[in-house]
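A.B. asks: Just passing along the structure, written as C-alpha cells.
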Amino acid sequence: MREWFDRDRRGRSQTTARSDDEPAPTECPPIADLPERDRPFTYPARGHADANRADLVSVESGEELTISLPDNPDATITSDVWESVEP
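In this text, residue positions in the sequence shown follow UniProt numbering: the first is 1, and each later residue adds one.
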C-alpha cells in the first residue's frame, strides 16, 4: 500500500502531479452481483416501464422525504430531518 505522506509526515496532495508519482491501475468494484440490465443505470431516457425499473423511489411532500422500494411496499423510510450539504 502506498503511503500518502512525505518524509516529514505531512499529507501529500492527491491532485498535484509529482515526478515520483507512479500511475496505479484503476480498481473497479466487482459487478458480478449486480442485476442484469437492458440499459445502463444512467441511461438518459430511463422512462421505460419494462426495462430498468427504479431500484428506489423517493418522494418529497411538504416537509418530509420518503424513500421506498417498489418491489416491497412495506420497505419505506420517511424523514422530516433535513441536513445542509455543501455543493
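Using N, Cα and C, we set each Cβ at its ideal position, and we do this for glycine too. This structure is a prediction, so every number in the text was calculated from the model and none was measured.
1) Cutting at 6 Å between CB atoms, please list the residues of its own chain near SER80, excluding the five before and the five after it.
2) Consider the Cβ of ARG37: report whether some Cβ of chain B lies at a distance smaller than 8 Å.
3) Take PRO35 as the anchor and find which of GLU27, CYS28, ASP55, THR26 has the nearest alpha-carbon.
4) For LEU69, which residues of its own chain have a beta-carbon under 7 Å away from its beta-carbon, when the five flanking residues on both sides are left out?
5) Output needed for SER58: all residues of its chain with C-beta closer than 6 Å, excluding positions within five of it in sequence on either side, in chain order.
C.D. replies: In terms of the structure at hand:
1) A quick correction: the sequence has Asp, not Ser, at residue 80. So the list reads GLU63, GLU64, once near-sequence residues are dropped.
2) Within the model displayed, chain B is absent; a lone protein chain is all it includes.
3) ASP55
4) The answer, listed in chain order, is LEU56, ALA75.
5) These residues qualify, in order along the chain: ILE67.
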